[in-house]
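Please read the structure below before turning to the comments.
In my numbering, the protein residues as written are 143 to 269.
In structure tokens form, the structure reads like this:
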């Protein structure tokens, strides 16, 4: 795995841009944004915990994503008001969906795949 925070920072920024674009264009299914969001969370975990094993980062990303999704079952007025802001909608989401949990698993899996792909590309370049 690449142990370079700059790589993960760039992946985070690119994923944010793709995620925002996925919400901008109506022809892109909403679940694509959920998948990209989970990939971004994985890249953030790798950025923060760069020396931890991939397994740790996968578990941390999934726990974070699932916690955010299950928090959507909490309907206090103050958090609902926050969810109606752009920041709240993008970070906290608006409503619980079981299908989002699958999107998060797929998104983290894509993040890990990109992580491994980057690792193997670097190995090929070094040969």
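Just so it is clear, CB atoms sit at the ideal spot from N, CA and C, and this is done for glycine as well.
If you check the CB distance, residue 183 and residue 209 do not come in under 8 Å. Secondary structure note for residue 222: its alpha helix (DSSP H) is the uninterrupted segment 219 to 225.
Residue range 196 to 213 is occupied by the alpha helix (DSSP H) that includes residue 201. In this structure, the beta-carbon distance from residue 198 to residue 191 falls below 8 Å.
A Cβ-Cβ contact shorter than 8 Å links residue 236 with residue 225. The residues 242, 245, 246, 249, in chain order, have a CB closer than 8 Å to that of residue 176 in the same chain once the five nearest residues on each side in sequence are set aside.
With fewer than 16 neighbouring CB atoms inside 10 Å of its own CB, residue 218 falls in the exposed class. Around the beta-carbon of residue 223, fewer than 16 other beta-carbon atoms lie within 10 Å, marking it exposed. In this structure residue 179 is buried. Its beta-carbon is surrounded by 16 or more other beta-carbon atoms within 10 angstroms.
Here residue 216 carries a coil assignment [DSSP, helix/strand/coil]. Relative to the Cα of residue 238, the nearest Cα in the group 173, 169, 151, 146 belongs to 173. The C-beta distance from residue 230 to residue 181 rounds to 21 Å, too long to meet the 8 Å contact threshold.
The beta carbons of residue 162 and residue 256 sit about 19 Å from each other, so the pair does not count as a contact at 8 Å.
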